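Structure first, commentary second.
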Amino acid sequence: MKKLKRSYKIEINPTQEQKTKIHQTIGVSRFVYNFYIARNKEIYEREGKFVSGMDFSKWLNNKYIPNNQEMKWIKEVSSKATKQAIMNGDKAFRDFFKKAKGFPRFKKKKNQDVKAYFPKNNKTDWTLERHKVKIPTLGWVRLKEFGYIPVNSIVKSGTVSQKADRYYVSILVEETAIKISNGNTGIEIFNHNNEGVGIDLGIKEFVICSNGNKFKNINKISTVKKVEKKLKREQRKLSRKYESLKIRNKKEKGGNVTSQNIQKQVVKVQKLHQRLANIRTDYINKIVSSIIKQKPSYITFEDLKYKE
């Protein structure tokens, strides 16, 4: 039977202890990634050389950490997780040299979407059950949606991410392709109509189909406008809190004043961003479902701007 690879993303409900481990792994991965970017930039400007991810990983573990004991906290998380973060930086530099992307950017702590790689350590890692998943170093973690991921799937890799104070697991699984046959002939079939559909992505109308169907711009509906208005209000509050913090820091002698209120406000803003993303994703999924239900023989896209 043919094997297919499919990705799944689902929300999880980790315990407080598991959340701490997730935060620690994400924090170390972000630090190591930024350290690799900064050191590569420094060496390139000084010597005109590029340090590969493998060479940096060897230097970090064999020279830097042993000679800087205050940095041994890097070793407190999975070495495979930190190595993956370094290799992500390596790929970012190689894409830059190929002119496929811009110069690698540092990952900021306040980013609303951060993730960490949790590699397999033994055969039982990334085991799937209907209501839970076994994540390396975290153990069994409860899924918020039961039965979404097939339990007989073979997990190839996985990451855990945090967004707007919520936690998600993303996995790449290997599944057996299901062959739909007509009787005993073994011929694969797909019932569709004889007509195709052309799709134009516009501005005034989000999607315009050649069969006359139109889907309005989701950004113009009252629900989205209401959330966007609230988002702008909360963003202004966050800006005022940051300005207030700067003033307080200037008054404090040599100290950095931190505030729990700022972090709470950051989470509020992140949740509104997440809500907007969910509304738009749900709308797109409904459009795709509506078009697929028509069973067109082919689908074409037009990149021209639509004018009424």
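Numbering-wise, the sequence shown is residues 1 to 308 according to full-length UniProt numbering.
Ideal placement from N, C-alpha and C gives every residue a C-beta, glycine not left out.
The structure displayed is predicted, hence computed values, not measured ones.
Contact between the stretch 213-231 and the stretch 279-287 is established, with three or more Cβ pairs separated by less than 8 Å.
Per the C-alpha coordinates, the member of LYS107, LYS75 and ILE171 positioned closest to PHE118 is ILE171. With 16 or more other Cβ atoms from the protein chains shown falling within 10 Å of its own Cβ, GLN84 counts as buried. The DSSP-derived three-state label of ILE86 is helix.
By the neighbour-count definition (other C-beta atoms within 10 Å, threshold 16), ALA38 is an exposed residue. Within the same chain, and ignoring the five residues on either side of LYS21 in sequence, the residues whose Cβ sits closer than 7 Å to its Cβ are THR137 and LEU138. The Cβ atoms of VAL224 and LEU276 lie closer than 8 Å to each other. Spatial neighbours of GLU42 in its own chain (CB-CB distance under 6 Å, excluding positions within 5 residues in sequence) are not present. A straight line joining the alpha-carbon of ARG46 with that of SER52 spans about 16 Å.
Taking 8 Å as the upper bound for CB-CB distance, ALA116 and ILE26 are in contact here, some 4 Å apart. Excluding five sequence positions before and after LEU231, the CB atoms of its chain that fall closer than 6 Å to its own CB belong to LEU272, given in chain order.
Note on geometry: alpha-carbon atoms of ILE292 and LYS144 lie some 28 Å from one another. Look at TYR298 here: in three-state DSSP terms it is coil, with no helix or strand label.
In this structure ILE135 is in contact with GLY158, their Cβ atoms being roughly 7 Å apart against a cut-off of 8 Å.
SER153 and GLU175 do touch by the CB rule: their CB atoms are close to 5 Å apart, below 8 Å. Under the DSSP definition of a beta bridge, TRP140 partners with LYS134. Taking the Cα of SER7 as reference, the smallest distance to any Cα among THR15, VAL169, PRO104 and ASN13 is reached at VAL169.
Assigned with DSSP and collapsed to three states, GLY196 falls in coil, not helix or strand.
CA-CA distance, LYS123 to VAL141, rounds to 17 Å. The Cβ atoms of GLU234 and LYS264 lie no closer than 8 Å to each other. The criterion of a C-beta distance shorter than 8 Å is satisfied by LYS75 and ILE65.
Burial state of ALA100 is exposed, judged by a 10 Å Cβ sphere holding fewer than 16 other Cβ atoms.
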